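Novice:
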Amino acid sequence: MCRFTLYLGPSIRLSKLLIEPEHSLIHQSVRSKERREQLNGDGFGVGWYAPRLSREPAVFHSVTPAWNDRNLRELSRVVASPCVLAHVRAATPGFGVDLANCHPFAWRRHLLMHNGYLNEFTRLRRRLLEPLCDEAFNRVRGSTDTEHVFAVFVDQLLRHEKTDERAPDPALRLAERLAATLQRVLAASHAAGVQAPHYLNLAVSNGQQAVVSRFTTDPASEGDSLYVLQGQLYETTAQEFGQRAQEEREPASIVSSERLTPARTWAAVPRNHLVVLERGAAPRLLPLGAGAELAP
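Every number in the numbering used here is 854 more than the matching position in the sequence shown, counting from 1.
(1) Are the beta-carbon atoms belonging to Leu982 and His1002 less than 7 Å from one another?
(2) Quick check: the stretch 968-981 against the stretch 901-914, are there 3 or more CB pairs under 8 Å?
(3) Helix, strand or coil, according to DSSP, for Phe1004 in the structure here?
(4) On a Cα-Cα basis, can you pick out the residue from Ala1025, Pro1073, His881, Ala934 that is closest to Leu1128?
(5) Output the residue ranges of the alpha helix (DSSP H) runs that lie fully inside the stretch 899-983 and measure 4 residues or longer, sorted by chain position.
(6) Output the boundary residues of the beta strand (DSSP E) element that contains Ser1067.
(7) Compute the Euclidean distance between the alpha carbons of Arg1031 and Asn1126, then round it to the nearest angstrom.
(8) Strictly by DSSP, which residues pair up with Val1082?
(9) For Val900 and Phe1007, I'd like the C-alpha separation in whole angstroms.
(10) Judging by CA-CA distance, which residue of Ser1107, Ala1146, Leu1011, Ala1046 is the nearest neighbour of Gly1134?
(11) Which two residues bound the contiguous beta strand (DSSP E) that contains Ile880?
(12) Could you give the distance in angstroms between the alpha-carbon of Leu926 and the alpha-carbon of Cys937?
(13) Out of curiosity, what's the CA-to-CA distance linking Gln1084 and Ser1110?
(14) Going by the CB atoms, is the gap between Leu1140 and Ala1021 shorter than 7 Å?
(15) Beta-carbon within less than 8 Å of Pro1124's beta-carbon, same chain only, minus the 5 sequence neighbours each way: which residues are those?
(16) Return the chain-ordered list of same chain residues with a C-beta closer than 7 Å to the C-beta of Glu1147, the five sequence neighbours on each side being excluded.
(17) Count the other C-beta atoms from every protein chain shown that fall within 10 angstroms of the C-beta of Lys887, then say buried if there are 16 or more, exposed otherwise.
(18) Give me the Cα-Cα distance between Val942 and Leu879, rounded to the nearest whole angstrom.
(19) Helix, strand or coil: which one does DSSP assign to Thr859?
(20) Which word fits Asp923, buried or exposed, when buried means at least 16 other C-beta atoms lie within 10 angstroms of its C-beta?
(21) If you compare alpha carbons, which of Gly1061, Arg977, Thr1017, Pro1116 is closest to Ala1042?
(22) Tell me whether Asn992 is buried or exposed, calling it buried when 16 or more other Cβ atoms sit within 10 Å of its Cβ.
So, in structure tokens, the structure goes:
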């Protein structure tokens, strides 16, 4: 299991998410409140977008514990972004602690990170890889279940690349691609005869929109914790970076494995739902069926 935080809104210094809140992601890396094992010290990663410089995100990974990484603290103090995905890792036994296995994973404009695991992954791996196009297949460089799920997601994006470019609701299209990814993973699990439950809190973004799932096939569990908040909880950097005053007033959306602050405005995401985010809009909740299909 791991912990993650996703931010979408006016540009914010990374430190406002990762370090300064009372229960920041770095705090969660050493003292998680909603996991039996409090430590998430098997590396970390931060992905962020700098839209004035590039459509593709920057990613910083390290295998050191987040709470003890001086470079992360220095970077967080001076880097700001309107879209941030940050992750602290607790490696599943059997999956190596190395850079190739650190989240978030990147492809073109997209980032993906995961809290949870696929049970009996060694039985699923071949079934997940076989249908992939070459580009998605060659995306896998590490050994984690997450990166294989990401490859399925990339394959979904490539299958619908031309139609998605003209989609009137790009955030909903992104949600459909993530739901279809979950469906393909569950289909592979069923074909392999895996009976054990899976836990799939996944966060994806293209820098403008983002979708996060709280999903499990365990009928006796609510799934891993996940919360959403919208509002001006954090100081923004609009004036510092010369952005228009309108953007400074734009509300932020944050989705996190655990509440970053004691504010009462955090809301728990219901079991088997997607949170759909886009700049300047309130978060949308979309229910998922037991097979991870989007409910009508």
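By construction, the Cβ of each residue, glycine as well, lies at the ideal position given by its N, Cα and C atoms. Quick caveat: nothing in here was measured; it's all calculated off a predicted structure.
Specialist: To lay it out plainly:
(1) Judged by their CB atoms, Leu982 and His1002 are nearer to each other than the 7 Å cut-off.
(2) Not touching, per the Cβ criterion.
(3) Correct three-state label for Phe1004: helix.
(4) Ranking Ala1025, Pro1073, His881, Ala934 by Cα distance to Leu1128 puts Ala1025 first.
(5) Complete alpha helix (DSSP H) runs here, min 4: 924-932, 975-983.
(6) Counting along the chain, the unbroken beta strand (DSSP E) around Ser1067 starts and ends at 1063-1068.
(7) Roughly 16 Å between the two C-alpha positions.
(8) According to DSSP, residue pairing for Val1082 in a beta bridge involves Val1109, Ala1121.
(9) Their Cα atoms are separated by approximately 20 Å.
(10) For Gly1134, the closest of Ser1107, Ala1146, Leu1011, Ala1046 by C-alpha to C-alpha distance is Ser1107.
(11) In this chain, Ile880 is not harboured by any beta strand (DSSP E); it is covered by the alpha helix (DSSP H) spanning 879-885.
(12) C-alpha separation (whole angstroms): 17 Å.
(13) Taking the Cα positions, Gln1084 is about 12 Å away from Ser1110.
(14) Annotated as distal: Ala1021 and Leu1140, with beta-carbon spacing of 7 Å or more.
(15) Excluding sequence neighbours, Pro1124 sits near Arg1068, Leu1139, Pro1141.
(16) Result list for Glu1147: Ala1033, Gln1037, in chain order.
(17) Looking at its Cβ environment, which holds fewer than 16 other Cβ atoms inside 10 Å, Lys887 is exposed.
(18) If I take the Cα positions, the gap works out to 7 Å.
(19) For Thr859, the three-state secondary structure derived from DSSP is strand.
(20) Using a 10 angstroms sphere on the CB of Asp923, the tally of other CB atoms reaches 16 or more, which defines it as buried.
(21) Of all alpha-carbon atoms in Gly1061, Arg977, Thr1017, Pro1116, the one lying nearest the alpha-carbon of Ala1042 is that of Arg977.
(22) By the neighbour-count rule (16 or more Cβ atoms within 10 Å), Asn992 is not buried but exposed.
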